[in-house]
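Report on the structure given below.
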Amino acid sequence: MERPELKSMNYIGTSMNPTLKPGDRLDTVPYDRQEIRRGDVIVFISPADESKVVHRVVSVDSNGIRTRGDNCNRIDPWVLSPDQIVGRVISVHRRNRRRRIFGGFWGSVFAGTARALYAIDSHTSILLRPFYDRLARSGILRRLVPVSIEPRVISFNHSGGSELQLLMGRWVIGRRLPGMARWHIRRPFRLFVDEDSLPRNPARQRS
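Each residue of the sequence shown is one higher than the last, beginning at 1199 in the working numbering.
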């Protein structure tokens, strides 16, 4: 039996946080004759605008396939048919590490657990966000950063455009992909970065 063809794609967006994050590189395989299961993370063609979307399957029945992002409270408004599904996400590459993406039963368990933990973290973040924002704007902590690890920006060219990465020492602390409205900087590193001085959104490459 032949192995399914492995394809890669960049992930952009926040609807699958914390499972997937902007800048992740995804490995996908087509379903061929395999069963589409509740809990699978799939790539499909959106009925709304024909763009590629990565969400998790929440139900499969005679009416079709329903999906939802792990970071979304509501199920997607559309019902998909198998011919709209490009493939299944089997792994993600982030910070030079490869991590398996579970589907089926364990995928559903992971999504439910992650959503609960993320909700707790979000509520905590809401309480602390005003203080965090004020401290970041003040720039007080930027003065404490050693010259040897001052934030710097590097650029990578992909088929869809240029990806900008923000580094502090050896750590990637932020990313800005083509089409992103702003930088995504990991907490707590925004306390040490002057976001206004960073390069603006990289342009998409025309096909």
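Yeah, the Cβ is synthetic: ideal placement off N, Cα and C, and Gly gets one too. Note that this is a predicted model, so its numbers are computed, not measured.
Assigned secondary structure, residue i (DSSP; H/G/I helix, E/B strand, else coil)
i	result
E1393	helix
V1345	helix
I1338	helix
R1385	coil
I1288	strand
R1350	strand
R1327	helix
R1332	helix
R1313	helix
S1405	With a pLDDT of 33 at S1405, under the threshold of 50, the modelled position of that residue is not reliable, and the figure given next carries that caveat. Correct three-state label for S1405: coil.
The beta strand (DSSP E) enclosing residue i, as first and last residue numbers
i	result
V1370	1369-1374
L1204	Careful: L1204 lies outside any beta strand (DSSP E) and carries neither H nor E.
H1366	Residue 1366 is actually Met in this sequence, not His. Its beta strand (DSSP E) spans residues 1359-1366.
G1262	1262-1266
T1226	1223-1227
K1219	Per DSSP, K1219 belongs to no beta strand (DSSP E) and is neither H nor E.
D1259	1250-1259
R1293	Looking at the DSSP string, R1293 is not in any beta strand (DSSP E), and its letter there is neither H nor E.
Cutoff 7 Å; reference residue i; Cβ partners in own chain excluding five residues on either side
i	result
S1405	Residue placement at S1405 cannot be trusted, given a pLDDT of 33 that sits under 50; the coordinates are not used to answer.
K1250	V1241, I1243, V1284
M1199	Confidence in M1199 is poor, its pLDDT being 48 and thus under 50, which makes the residue's placement unreliable; the coordinate value appears in the next sentence. Result list for M1199: empty, nothing under 7 Å.
F1303	G1237
R1313	D1268
Cβ neighbours of residue i in the same chain (closer than 6 Å, five flanking residues each side left out)
i	result
Q1403	With a pLDDT of only 39 at Q1403, under 50, the local geometry of the prediction cannot be trusted, and the value read off the model is given with reservation. Within the same chain, Q1403 has close Cβ partners G1359.
V1343	F1390
R1282	Before going on, a small fix: residue 1282 reads as Gln here, not Arg. Around Q1282: F1242, I1243.
Sheet register partners of residue i (DSSP bridge)
i	result
T1212	DSSP, once it has assigned bridges, lists no residue as partnering T1212.
N1355	S1360
F1430	A query on residue 1430 cannot be resolved here, the shown segment of the chain reaching from 1199 to 1405 and no further.
R1298	S1289
Supposed contact pair residue j and residue i - C-beta distance, whole angstroms, cut 8 Å
i	j	result
R1286	Y1209	Contact doesn't hold; Cβ gap of about 14 Å is too wide.
S1289	R1298	5 Å
P1349	L1364	6 Å
R1264	V1256	5 Å
G1310	R1235	In fact, because the Cβ distance is near 15 Å, the residues do not count as touching under 8 Å.
V1351	L1278	Not confirmed; about 39 Å, so no contact.
S1213	C1270	6 Å
Other residues of its chain near residue i: CB distance less than 8 Å, five sequence neighbours each side excluded
i	result
T1226	L1204, K1205, S1206, M1207, V1241, V1284, G1285, R1286, V1287, I1288
E1248	none
P1280	Y1229, I1234, I1263
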